[in-house]
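As they're listed, the protein sequences go chains D and G. Residue 1 is where the first sequence starts when you use the numbering used here, and the numbers rise one by one after that. Residue 1 is where the second sequence starts when you use the numbering used here, and the numbers rise one by one after that. Backbone N, C-alpha and C define an ideal beta-carbon position, used for all residues, glycine too.
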Amino acid sequence: MKLLIVDDSNVIRQRIARLTADPRLAEVEIIGQARNGAEALDMFARKPPDLVTMDLTMPELGGVECTEQMVAKKPDVLILVVSALSDKPTALRALKKGAQGFLYKPFTDDQLVTALQEVMRP
Amino acid sequence: MSDLREEEIKVFTDTVTHYFTQLTSEAAAVRGAYLDSSGESTPMYDFTGQISVSGLFRGSVTVSAPRAMIRHLLVALHETDHSEDNLRDTIGELANTLAGNARRHFGERMEISVPITAAGALPAGTGGRERPYVIMVNWKTYSASLVVDIEKND
Chain D
1 MKLLIVDDSN
11 VIRQRIARLT
21 ADPRLAEVEI
31 IGQARNGAEA
41 LDMFARKPPD
51 LVTMDLTMPE
61 LGGVECTEQM
71 VAKKPDVLIL
81 VVSALSDKPT
91 ALRALKKGAQ
101 GFLYKPFTDD
111 QLVTALQEVM
121 RP
Chain G
1 MSDLREEEIK
11 VFTDTVTHYF
21 TQLTSEAAAV
31 RGAYLDSSGE
41 STPMYDFTGQ
51 ISVSGLFRGS
61 VTVSAPRAMI
71 RHLLVALHET
81 DHSEDNLRDT
91 IGELANTLAG
101 NARRHFGERM
111 EISVPITAAG
121 ALPAGTGGRE
131 RPYVIMVNWK
141 TYSASLVVDI
151 EKND
């Protein structure tokens, strides 16, 4: 399962990358990290991932729009939104655009691993 | 001038205590909250992150913390990169998380920006207005400040 990590925070990207070493995510392989939606779409076009962790509040292109464009190009891509935006309409909008899951920041290590497992569950 | 009600200030105090409990299993304590009527008694530390607020509200949410506190937070997250860039990134992410979590109460029409960060205080005139609410936070042996300066747009 090829993973693209999208977040404007380097610390969050590094943390998500580290947590994918968890044995429960043995099938996950990181293929790229992007700092904003525009960079993510560029990486997506060059090397389409199977799985994406997607921040929402980012410079240049936000996560909801990025999700929509990725799903339009690859409808079976699995997207887990990882965001601090804690109002329900935002989560619903992201899910409506094609995301499979939503994890609120701040998250524990176990919450991220579990959320990724749930998104990947057939 | 900030026109928040007491329960709205509590949204931010709850959010900041939840942040530290969730990430480190060690709660932060809110030492007090006050209206900085002079505009000059807001403590600023080694790193500062700020989120601008627009939409139904206007203003900013600012967090400032000492270097040692941010390093300790990174240790708690098992993060080994304590470079200057990562310390700034962490204070920005903290500001983003606190403002984003507050939307659970204020709703999606409280639009938030990406963070701006600085070593030390932000340059004069960056978002600050006359009478912000200052929430003093203790975590472990450290003190940090959370400055909430938002009001409803007319």
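Cα-Cα separation between residue i and residue j, rounded to whole angstroms
i       : j       : result
T90(G)  : Q22(G)  : 16 Å
E6(G)   : V77(D)  : 44 Å
M1(G)   : L25(D)  : Because the pLDDT of M1(G) is 48, which lies under 50, any placement of that residue in the model is unreliable, and the number read from its coordinates should be weighed accordingly. Using only the alpha carbons, I get a separation of about 49 Å.
I74(D)  : A45(D)  : What sits at residue 74(D) in the sequence shown is Lys, not Ile. For K74(D) and A45(D), the distance between alpha carbons rounds to 10 Å.
H78(G)  : L3(D)   : 21 Å
G63(D)  : G37(D)  : 6 Å
A40(D)  : Y34(G)  : 42 Å
L146(G) : I9(G)   : 11 Å
R13(D)  : R31(G)  : 32 Å
Q117(D) : L94(G)  : 26 Å
E111(G) : S86(D)  : 12 Å
N153(G) : I116(G) : 22 Å
V134(G) : A102(G) : 16 Å
D46(G)  : D85(G)  : 13 Å
Q111(D) : D7(D)   : 17 Å
I16(D)  : I5(D)   : 8 Å
N138(G) : A27(G)  : 9 Å
Residue i burial status per 10 Å Cβ neighbour count (16 or more: buried)
i       : result
S9(D)   : buried
E27(D)  : exposed
P132(G) : buried
A21(D)  : exposed
R109(G) : exposed
V75(G)  : exposed
P106(D) : buried
T141(G) : exposed
R133(D) : Missing from the structure shown is residue 133(D); chain D here goes from 1 to 122 and no further.
DSSP state of residue i mapped onto helix, strand, coil
i       : result
T57(D)  : coil
Y104(D) : strand
R31(G)  : strand
T42(G)  : coil
L95(D)  : helix
Residues sharing a beta bridge with residue i, DSSP
i       : result
E151(G) : R58(G)
N138(G) : A29(G) and S143(G)
G63(D)  : The partner list for G63(D) (beta bridge, DSSP) is empty, contrary to what the question assumes.
Distance cut-off 7 Å: residue i Cβ against heavy atoms of the ligand MG
i      : result
T67(D) : The model on display carries no ligand, and the ligand MG is accordingly not part of it.
Report the residues of the region 55-69 of chain G with a CB closer than 9 Å to any CB of chain A, ordered along the chain.
-> Among the protein chains in the structure shown, which are D and G, there is no chain A.
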